[in-house]
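K.L.:
Questions regarding the structure given below will be posed in turn.
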Amino acid sequence: MSTTTPDADDAVLSVENLSVSYGKVQALKDVDIAVRSGETVAVIGPNGAGKSTLVDTIGGFHDYEGTIRYNGTEIADSSTPALIDDGLFYCTERRDLFDYMSVEQNLRLGSYLNNEGEEERLADVFDLFPRLEERRSQETQSLSGGEKQMLSLGRGLMSDPEFLILDEPSIGLAPVILQDISEALESIQELSVEVLICEQNITFALEHADRLYLLENGAVRRSGTPDSLESDKFVETYIGG
Ligand code: ATP
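Under the numbering used here, the first residue of the sequence shown is numbered 461, with each subsequent residue one higher.
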């Protein structure tokens with residue numbers, strides 16, 4: 461393990477000894493992960509490693525053993541609206557958009573719990589993703605996959621987040637759209653928002669993360685900075701593969 465791995469005490473989000481099972485299938489085993497103030501952290505790993513289970517659990521979708529603290533409070537003791545109110549926003553891999561609503565309506569749902577400054581935030585999202593402004597009245601179901609990804613991210617930004625969780629933001633995107641998402645992520649990082657990204661696309665993760673964790677079979681196998689992991693033989697097998 462890299463010495464740059466922070467103590468849970470320094471962290472905005474700390475996950476300790478986290479275990480999650482689906483019946484007899486144990487998807488996560490004693491996972492420890494921490495995200496410090498201002499950091500972007502990526503969780504990488506192959507199919508079935510447990511990445512979505514990890515972020516779904518942080519997002520409140522699963523029972524768990526262990527501890528998950530956001531700003532020092534156990535998330536199981538908070539409701540989803542309370543976590544969102546506290547700045548935590550989770551953009552799921554499913555995206556969870558409302559197909560029959562317009563782009564603008566989906567965006568405004570992001571600020572449902574906090575509509576102070578909503579118009580300014582909408583303008584900021586449209587600056588970041590001009591395609592969404594062009595399609596603001598369009599029904600969401602008719603958007604391309606890349607546009608839906610922009611909308612999911614844009615809706616997250618409408619909540620005025622302090623901490624964004626992104627599950628597979630690069631999945632299924634053409635290179636030109638991936639570039640737009642990359643640039644948007646860089647703009648988000650400039651806002652000092654903490655970001656936790658789950659990614660199978662290791663190149664994308666290495667490009668954006670301050671630190672990474674490699675999950676395999678539900679356990680953390682490696683953690684460290686992009687530089688320390690890029691030269692790690694074990695990680696190389698994933699990058700190469
Ligand atoms: P991918 O990159 O393919 O989405 P992942 O790293 O996100 O994979 P998970 O979706 O978290 O992995 O799955 C972790 C393990 O838990 C896998 O073995 C998967 O089959 C299992 N699993 C996930 N969801 C369920 C479920 N609802 N019921 C039973 N097993 C599940």
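Where a beta carbon is used, it is the ideal one built from N, C-alpha and C, also for glycine.
Going by CA-CA distance only, name the one from I504, A502, R496 and D516 that's closest to L478.
P.N.:
Looking at the Cα atoms, D516 is the closest of the given residues.
K.L.:
Could you pull the start and end residues of the beta strand (DSSP E) that Q486 belongs to?
P.N.:
From DSSP, the beta strand (DSSP E) with Q486 extends over V485 to R496.
K.L.:
Could you give the distance in angstroms between the alpha-carbon of F677 and the alpha-carbon of R615?
P.N.:
The sequence given here places Asn at residue 677; Phe does not occur at that position. Spanning the two alpha carbons is a distance of roughly 32 Å.
K.L.:
Please find out if some non-hydrogen atom of the ligand ATP comes closer than 7 Å to the beta-carbon of Y482.
P.N.:
Yes - the ligand ATP has a heavy atom lying nearer than 7 Å to the Cβ of Y482.
K.L.:
Compute the Euclidean distance between the alpha carbons of S481 and E594, then round it to the nearest angstrom.
P.N.:
Cα-Cα distance, rounded: 43 Å.
K.L.:
What residues does the ligand ATP have around it, judged by CB closer than 6 Å to any heavy atom, in chain order?
P.N.:
Cβ-based neighbours of the ligand ATP within the cut-off: Y482, V485, A487, G505, N507, G508, A509, G510, K511, S512, T513 and Q660.
K.L.:
Secondary structure at M461, three-state DSSP: helix, strand or coil?
P.N.:
Note that M461 has pLDDT 41, beneath the 50 cutoff, so the model's placement of it is unreliable and the number below is only indicative. Coil at M461, not helix or strand.
K.L.:
Within 10 angstroms of its Cβ, does Q601 collect 16 or more other Cβ (buried), or is it exposed?
P.N.:
It is exposed - the Cβ of Q601 has fewer than 16 other Cβ atoms within 10 Å.
K.L.:
Report the residue from E646, L573 and G526 whose alpha carbon sits nearest the alpha carbon of L543.
P.N.:
When only C-alpha atoms are compared, the closest one is L573.
K.L.:
Starting from the N-terminal side, write out each stretch of the alpha helix (DSSP H) that is 4 residues or longer and does not extend beyond the segment 529-583.
P.N.:
For the segment 529-583, whole alpha helix (DSSP H) runs of length 4 or above, ordered along the chain, are 540-545 and 563-569.
K.L.:
Just verifying my parser: in three-state terms, what is the DSSP assignment at Y482?
P.N.:
Correct three-state label for Y482: strand.
K.L.:
Taking the alpha carbon of C551 as the point to measure from, which residue in T527, V503, K489 and L656 has its own alpha carbon closest?
P.N.:
The residue with the shortest Cα to Cα distance from C551 is L656.
K.L.:
If you measure between the beta carbons of L611 and A644, is that distance less than 8 Å?
P.N.:
In this structure, A644 does not lie closer than 8 Å to L611 by Cβ.
K.L.:
Between the segment 664-672 and the segment 680-694, can you find at least three pairs of beta-carbon atoms closer than 8 Å?
P.N.:
Cβ pair count under 8 Å is three or more, so yes.
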